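Reviewing the structure listed below.
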Amino acid sequence: MAQPRVQWFKFSSPPNFYDLSGRLIPWFGGLAAILCVAGLYVGFVVAPPDYQQGDSYRIMFIHVPAAWMSMFLYVLMAVYAAIGLIWRVKTAEVMAKAIAPTGALFAFLCLWTGALWGKPTWGTYWVWDARLTSQLILLFLYLGYMALHGAIEDRQRAANASAVLALAGVVNVPIIYFSVVWWNTLHQGASITVTSAPTMETVMFVALMLMTFACWMYAIAVVLWRARLELLERERRAKWVLERMGGKA
Amino acid sequence: MMEFLAMGGHGPFVWGSYGAALLVLVGEMIWLRRRRIALRRQLARLARLQESPPP
Numbered sequence: 001m002a003q004p005r006v007q008w009f010k011f012s013s014p015p016n017f018y019d020l021s022g023r024l025i026p027w028f029g030g031l032a033a034i035l036c037v038a039g040l041y042v043g044f045v046v047a048p049p050d051y052q053q054g055d056s057y058r059i060m061f062i063h064v065p066a067a068w069m070s071m072f073l074y075v076l077m078a079v080y081a082a083i084g085l086i087w088r089v090k091t092a093e094v095m096a097k098a099i100a101p102t103g104a105l106f107a108f109l110c111l112w113t114g115a116l117w118g119k120p121t122w123g124t125y126w127v128w129d130a131r132l133t134s135q136l137i138l139l140f141l142y143l144g145y146m147a148l149h150g151a152i153e154d155r156q157r158a159a160n161a162s163a164v165l166a167l168a169g170v171v172n173v174p175i176i177y178f179s180v181v182w183w184n185t186l187h188q189g190a191s192i193t194v195t196s197a198p199t200m201e202t203v204m205f206v207a208l209m210l211m212t213f214a215c216w217m218y219a220i221a222v223v224l225w226r227a228r229l230e231l232l233e234r235e236r237r238a239k240w241v242l243e244r245m246g247g248k249a
Numbered sequence: 001m002m003e004f005l006a007m008g009g010h011g012p013f014v015w016g017s018y019g020a021a022l023l024v025l026v027g028e029m030i031w032l033r034r035r036r037i038a039l040r041r042q043l044a045r046l047a048r049l050q051e052s053p054p055p
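Taken in sequence, the protein lines are chains F and P. Count the first sequence with UniProt numbering and you get residues 1 to 249, in order. Count the second sequence with UniProt numbering and you get residues 1 to 55, in order.
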């Protein structure tokens, strides 16, 4: 019997995607809660005050994960948008649209917590620094993507137009990442890089990793949740929707 | 406890950050829940209409 070809597209069919994501969301949500409690405990109780910044550095445990999430979710959104644009995969278009609000919230949180961390440590909430400015542009790109998606009546044209915008904006993500290297920025350089050991106290690094994975799990749960709603709205007349929604208030 | 909340004098900044994070993330979940309930009601009505079309 021939080795069955891997059915890559099995879960991209709306009903399969809807059912599978429905089963996964509670797990991701639960994991996010556990990791967040653990991360906050290590970050606030176990980790010592910083010898220079005292306790304000604890903002790092939400600022850095939010920054990473905002950048990663944008790239993921662009990948899904490209898949939707090129191969017309409906669930990919739905995923791209489902990611944008969560990505925008993380971008906003990154700027907000960064400002509140900047005030006690730099003496200012905001400065037109390469890192901060490119992150602000990222937030505007997210908002622009959502506005464009909402502004166009026809669903397919809206998906295509916003996909092009998402792809045009992707170049901004490496700019953010390398901004601290290319320009002389007030914002500090990367303390954690894939190549070298973190230049940070281990217990602080553990707290940061816990919070990062908590944000990952949260983002997956929320994006899948929103994608399911988008899918139901798009396919409201489809048989599989009526089967799942029939009669239940 | 008070000493913990003071965060070495940086309390407003630290809790201003985590408060905003809590507000934003919980707000997003509440928003989704409300949207889900409204959508389910709409689709259930649509399903009933299709099962027994009005005369």
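We put the CB at the ideal spot given by N, CA and C, even for glycine. Keep in mind that this is a model prediction, so the values were computed, not measured.
For the stretch 206-225 of chain F, the beta-carbon criterion of a distance under 7 Å to any beta-carbon of chain P is satisfied by Tyr218, Val222 and Trp225. Collapsing the DSSP output to three states places Asp19 of chain F in a helix. Interface with chain P (8 Å Cβ-Cβ cutoff): Leu139 of chain F is excluded. Proximity of Met245 of chain F to chain P, defined by a Cβ-Cβ separation below 8 Å, is satisfied. Contact of Thr102 of chain F with chain P by beta-carbon distance below 8 Å involves Glu28. The bridge partners DSSP lists for Asp50 of chain F are F:Gly54. Distance check between Ala100 of chain F and each of F:Trp128, F:Phe44, F:Leu111 and F:Met69 places F:Met69 closest, using alpha-carbon atoms only. DSSP places Gly84 of chain F inside the alpha helix (DSSP H), whose first and last residues are Met60 to Trp87.
A Cβ-Cβ distance of about 13 Å is found for the pair Ala163 of chain F and Leu76 of chain F, leaving them out of contact under the 8 Å criterion. A straight line joining the alpha-carbon of Arg228 of chain F with that of Val24 of chain P spans about 21 Å. Chain F has no Cβ within less than 8 Å of the Cβ of Met2 of chain P. With its beta carbon less than 8 Å from one in chain F, Leu39 of chain P belongs to the interface.
Comparing alpha carbon positions, the residue from F:Leu148, F:Lys97, F:Gln135 and F:Tyr51 closest to Ala81 of chain F is F:Lys97.
Residue environment for Ile30 of chain P: exposed (fewer than 16 other C-beta atoms within 10 angstroms of its C-beta).
With a threshold of 8 Å between beta carbons, Thr113 of chain F makes contact with chain P. Among the CB atoms of chain P, one or more fall inside 8 Å of the CB of Ser56 of chain F. For Pro49 of chain F, the closest Cβ of chain P is nearer than 8 Å.
Remark: three or more beta-carbon pairs, one from each stretch, lie closer than 8 Å, so the stretch 166-185 of chain F and the stretch 131-143 of chain F are flagged as touching. Judged by beta-carbon spacing, Ser56 of chain F lies within the 8 Å limit of Thr121 of chain F, meaning their Cβ atoms are closer than that value.
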